[in-house]
Structure formats: structure tokens, C-alpha cells
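To start, the structure itself, in C-alpha cells.
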Amino acid sequence: MSQKLESTNPATGDLVGVHVVDERPDVDAAVARAREAAGWWAEQGFAGRRRVLDQWRGVLTRRMGQLADVVHQETGKPHADALLEIGMAVDHLAWAAAHAEKVLGERRVSSGLLMANQAASVEYLPLGVVGVIGPWNYPVFTPMGSIGYALAAGNTVVFKPSELTPGVGVWLADSLAEVVPDHPLLQVVVGFGETGAALCRAGVDKLAFTGSTETGKKVMAACAETLTPVIIEAGGKDALLVDEDADVEAAADAAAWGALSNAGQTCIGVERVYVHERVYDEFLDQLTRRAREVHAGVDTNARIGPMTMASQVDVVRRHVEDAVSRGGRAVVGGPGAAGDRFVQPTVLTDVPQDSVAITEETFGPTVTVNKVRSMDEAVTLANATRYGLGSTVFSRARGAELARRLRSGMTAVNSVIAFAAIPALPFGGVGDSGFGRIHGPDGLKEFTYAKAVARQRMRPLLALTTFSRDAKADTAFATLITVLHGRATQLPRRRRR
């Protein structure tokens with residue numbers, strides 16, 4: 000008898016749906032079907048694929064409300080927030096379909112003087128079948144950053160959604176099947192970690208994973224068995240910096256949204272804030288006021304929902320208790336803010352830098368706020384983490400400078416999380432936050448391989464790649480190299496003392 004997976008509403012515990020778990024043979028079969036469909040999909044060319052993806056985009060847009068209901072039921076997040084992530088996913092899909100040919104299509108490149116007899120070109124060809132393992136916190140927007148771009152690049156996709164949000168994954172696959180019923184461009188395999196491991200070992204041409212750093216390491220190990228390349232988008236511990244000349248009101252509003260929206264279950268959410276001492280009190284007052292206006296629940300006035308993964312409540316409670324026990328102060332919320340399913344907003348100050356609330360990803364509606372003497376100190380503290388996903392800077396005069404100094408894959412200046420909503424920008428991190436990029440031209444290229452072609456247009460002046468090459472040709476080659484590169488800038492000679 001096949002194992003069953005029950006999807007439940009984390010806010011109420013009510014049953015949402017029942018799904019059959021896909022085991023190794025099921026996953027292998029899905030990849031085989033995707034392999035067969037990949038040939039047809041690649042043959043459609045950029046124009047044909049764009050037509051299909053534009054039709055799918057229309058289906059997603061017209062039925063946003065229906066999909067948002069599924070997201071709301073499986074994650075507990077407010078319906079409006081579900082609509083927000085779906086809308087952004089649709090916008091990214093539109094960009095990927097419209098720009099794929101420009102980014103990936105064949106283009107001429109210079110052959111250089113040495114190889115002037117050659118016509119050189121490069122194009123980016125689809126890999127074939129891409130595996131995607133998605134998260135539960137943004138079950139549409141995040142995986143679509145891989146799915147949409149992989150499809151636009153000419154690949155087929157096998158998608159393993161989180162065991163907490165299987166219904167969202169099934170809905171997405173079914174909606175594309177309405178547009179292309181005869182070719183399985185997007186298939187879903189449902190299950191737990193074993194299903195994800197099976198997908199890693201099923202012979203996909205690349206695998207894109209979003210989740211925790213620890214699970215990302217397991218994914219890499221499984222993919223290494225078949226030398227399958229991976230994209231890893233893992234955890235974060237994003238910092239927000241507030242300079243002395245910042246718009247404090249805007250910074251406080253951004254910190255509140257970045258830390259508390261989606262109940263803090265955002266990989267690029269704000270978890271740490273470093274504020275210049277000259278504006279610290281004003282900032283903390285404004286952030287405190289905003290945090291107190293937000294509460295978690297199921298009532299119509301609730302702005303955030305439950306913790307989608309029940310075990311995360313204990314993580315949040317442990318982080319808050321550790322911070323308070325070590326001298327931190329809860330100005331909003333505190334250890335008692337974590338209930339059975341909901342965590343109320345918590346703002347912590349004076350938290351030691353070696354507290355787990357500073358060093359580990361919390362993934363809940365909490366934020367630490369610490370005072371700094373300068374932005375140099377703020378940058379040092381912000382960079383003192385093994386993570387490096389996103390970051391935020393509020394500064395009128397030094398925003399761009401501080402952004403460049405922050406060790407993170409993405410930075411928003413005088414706004415929060417803006418980079419995620421811009422389709423042309425790459426999305427990804429460094430360090431324990433992973434590697435590889437989705438979104439933008441980089442995201443399209445991640446799901447392709449570069450194909451270089453050199454075509455001889457005429458006989459070479461110097462025949463170098465032949466055993467009939469003579470000493471005269473060798474001398475001519477050495478002379479040409481010397482003329483081309485011999486006058487390169489030299490380091491100044493060190494004077495003798």
C-alpha cells in the first residue's frame with residue numbers, strides 16, 4: 000500500500016488534502032517522461048516556448064485567487080500575502096519568457112587577431128531535465144524562480160514541493176498541463192526527504208534547491224553521487240543598517256515589514272538591525288510602535304499567520320530565551336510570545352553578538368536591534384556571520400558605498416527586499432547561504448550550458464595546429480605575440496638603496 004501524505008492547515012490543524020507519496024520508481028518514471036518531453040520542448044524554439052509560457056501566465060493570472068486559497072490553506076499566511084507572492088511570480092515568468100532569446104540566443108564574438116580567420120559564436124542550450132526542490136514559506140514565488148526560468152531556457156522540470164505545501168505544487172503542474180496537455184513540461188513528485196533524495200539521484204541534468212543550509216548539504220552529497228550540478232539557495236541572517244542621516248521613519252517601517260511579514264518566515268527577511276547611536280532611540284521608538292500594531296492570528300485584523308512548520312516555534316522560543324537570559328531586553332514580545340502555533344512579534348535590544356539570536360537563522364517574527372558608534376562598526380558586525388544572502392541599508396549619503404561593503408548576494412538601499420521583485424536582478428547568496436543564481440540573465444544561464452563554435456572562414460596566415468608547421472611559422476608566431484603583448488605595462492623597478 001502506498002504511503003500517504005496529509006496536508007494540514009497550520010493555523011487550525013484541519014486537513015487540507017491527502018496525497019500519495021512518490022517513491023524512487025515513481026520519481027525515476029517522472030524524470031524519464033520529462034526527458035522525452037524535453038526534446039519536443041527544445042524544438043519549439045524561443046518563440047514557441049514564449050507563446051506557451053505566456054498562455055500559462057494568463058491562466059495563473061486569471062486564477063490567482065484560487066491558487067492563493069491553496070497557499071493560504073497550506074501555509075496559513077493571509078490571503079493578501081499569498082496574492083502578493085503569486086503576482087510577483089507571474090511577473091518573473093513574463094520576464095523570463097520575453098528575455099530568454101536575447102540572453103541565450105546565438106551571438107557572434109570577436110575571434111581576435113591571432114584567429115582572425117575564424118568566425119566565433121556562442122549560444123546557451125538547454126540542459127534537458129531540471130529538478131527543483133522547493134520550500135514551504137513561499138511555495139509559489141520561490142520555486143517559480145527556478146521553474147519559470149528553466150522552462151524559458153528550454154528545459155522540462157520535475158518539481159518536488161515541500162511536504163507542507165504539496166497542494167500548491169500539484170496546482171502549478173496541473174495549470175500548465177491545461178495549456179500543454181500532451182507533453183509533461185512540469186511534473187510534481189510528492190513526498191518527504193526520501194522523495195527529494197530520489198530526485199537528486201534520478202539523473203536530472205541540474206537540481207535547484209531552496210531550504211536550510213543543513214538540508215542543502217545533504218542535497219549536494221546526494222547529487223555528487225551522479226555528478227549532478229546544483230544551485231543552493233539556503234538560509235540567511237540578513238542585517239539592516241541605519242545610518243545617522245537615514246530617513247528613520249522609512250527605516251523603521253522597512254524593518255517592521257522585513258522582520259515580521261510572513262511571520263518572519265522569509266529567507267531574506269530582516270533578522271538583525273544595527274543603528275547609528277545618534278538615531279537609535281528614535282528608530283527604536285518607531286519600530287516598537289509598529290511592531291505593537293501587528294499581531295499573529297486568524298482573525299480579520301491579523302497581519303501575520305501561524306508558524307507553518309510547528310517545530311519552528313521551539314526554535315524561535317529558544318533564540319528569544321537565550322537572548323534575554325544573556326542580557327538582552329525584549330521591548331516588544333519576549334519568551335512568552337511563542338504559543339502553540341503562533342508567535343507574536345518580538346523586538347530584542349542589547350543582544351550579545353554571540354547569542355544564537357544573532358548567529359543562527361531564527362525564521363520567526365523576531366528582530367534584534369543594536370546600537371553602533373559608526374557605520375564601519377555596523378558593516379563589521381553585519382558581515383560577522385557565516386550567512387550572506389540579503390541585506391538592507393538606509394542612508395542618504397553612503398547607501399551605495401555601504402551596500403558594496405556588505406558581504407551578501409543582494410542589498411536593498413532605502414527600501415527592503417526590493418531586489419527580489421526585480422526580474423532582471425540575480426537572486427542568491429554567498430557563504431552558508433549557498434551559491435548559484437536564479438532570476439535575471441544569470442538565472443536563465445544557470446539552466447543552460449554554453450556552446451562555443453569556431454568556424455574557419457579562410458585559410459590561416461599561420462598554420463599553427465598542424466604537424467607540418469615549420470620553424471618559419473614558429474618564428475612568425477613568436478614575433479606576433481611579442482608585438483601584441485610585449486609592451487604590456489611593467490612593474491616599476493625597485494631602486495637599490
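Letter by letter, the sequence shown follows residues 0 to 496 of numbering that gives the first Met the number 0.
Glycine residues also receive a C-beta, built at the ideal position from the N, C-alpha and C atoms.
#### Entry: Endpoints, the alpha helix (DSSP H) within which A251 is located
V247 to L259
### I480 burial status per 10 Å Cβ neighbour count (16 or more: buried)
exposed
#### Entry: Assigned exposure category for V298 - 16 Cβ within 10 Å defines buried
Residue identity check: residue 298 is Asp in the sequence provided, not Val. Per the 10 Å Cβ criterion, exposed.
### Query
Given that a residue counts as buried once 16 or more other Cβ atoms are within 10 Å of its Cβ, and exposed if not, what is D313?
exposed
### Query
At what residues does the alpha helix (DSSP H) containing F418 begin and finish?
Where F418 is concerned, there is no enclosing alpha helix (DSSP H), given that its DSSP letter is neither H nor E.
### Task
Consult DSSP for L112 and reduce its assignment to one of helix, strand or coil.
coil
### Task
Would you mind working out which of E73, A250 and V330 sits nearest T11, comparing C-alpha positions?
E73
### Message
What residue range does the alpha helix (DSSP H) around P142 cover?
### Response
F140 to A151
### Residue interval of the alpha helix (DSSP H) (run including V314)
Q311 to S324
### Query
Which ranges would you report for the alpha helix (DSSP H) in the stretch 67 to 111 if only whole runs of at least 4 residues count?
78 to 103
### Query
A233 to F446, Cα distance in whole Å?
18 Å
### Message
Taking the straight line between their C-alpha atoms, what separation do you get for L175 and L185?
### Response
7 Å
### Limits of the unbroken alpha helix (DSSP H) element including I132
Per DSSP, I132 belongs to no alpha helix (DSSP H); it is in the beta strand (DSSP E), V128 to I132.
### Task
To the nearest angstrom, report how far apart H520 and P165 are at their CA atoms.
For residue 520 there is no data in the structure shown, the boundaries of the chain being 0 and 496.
### Query
Three or more beta-carbon pairs under 8 Å between the stretch 228 to 248 and the stretch 150 to 157, yes or no?
no
### Task
Return the bridge partner residues of E232 from the DSSP annotation.
T209 and G433
### Task
Quick one: grab the DSSP three-state call for Q303.
It is worth fixing the name first, because residue 303 is Ile in this sequence and not Gln. Three-state result, I303: strand.
### Task
Express the C-alpha separation of G127 and V331 in angstroms, rounding to a whole number.
51 Å
### Query
Using the C-alpha atoms, what's the distance from I85 back to L52?
15 Å
### Distance, A93 Cα to W135 Cα
23 Å
### Task
Would you list the one or two residues that DSSP bridges to P125?
T447
### Task
Taking the CB atoms as reference points, tell me whether E243 and R277 lie closer together than 8 Å.
yes
### Query
Do V19 and V189 have their C-beta atoms within less than 8 Å of each other?
yes
### Message
If you measure between the beta carbons of H71 and G147, is that distance less than 8 Å?
### Response
no
### Task
Go ahead and label D21 buried or exposed: buried means 16 or more other beta carbons lie within 10 angstroms of its beta carbon, across all protein chains shown.
buried
### Task
Kindly give me the distance between the Cβ atoms of V368 and E177, rounded to whole angstroms, as I take these residues to be in contact under 8 Å.
Actually they do not touch by this definition, with Cβ atoms about 48 Å apart.
#### Entry: Same chain, Cβ closer than 7 Å to F476, five either side skipped, listed in chain order
L461 and L463
### Query
Exposed or buried, G327, counting other C-beta atoms within 10 Å across all chains shown (16 or more means buried)?
buried
### Query
For the stretch 166 to 173 against the stretch 238 to 254, are there 3 or more C-beta pairs whose distance is under 8 Å?
no
### Query
Using the rule of at least 16 other Cβ atoms within 10 Å of the residue's Cβ for burial, across every protein chain shown, is D498 buried or exposed?
For residue 498 there is no data in the structure shown, the boundaries of the chain being 0 and 496.
### Task
Mark V89 as exposed unless 16 or more other C-beta atoms lie within 10 angstroms of its C-beta, in which case mark it buried.
buried
### Query
Taking the alpha-carbon positions, what's the G296 to G304 distance?
5 Å
### Task
Taking only the alpha-carbon atoms, compute the straight-line gap between R406 and A97 and give it to the nearest angstrom.
32 Å
### Query
On the three-state DSSP scale, how would you describe H484?
helix
### Task
Rank V129, R317, C199 and L347 by C-alpha distance to the C-alpha of E270 and give the top, closest one.
L347
### Message
Going by DSSP in three states, V269 sits in which element: helix, strand or coil?
### Response
strand
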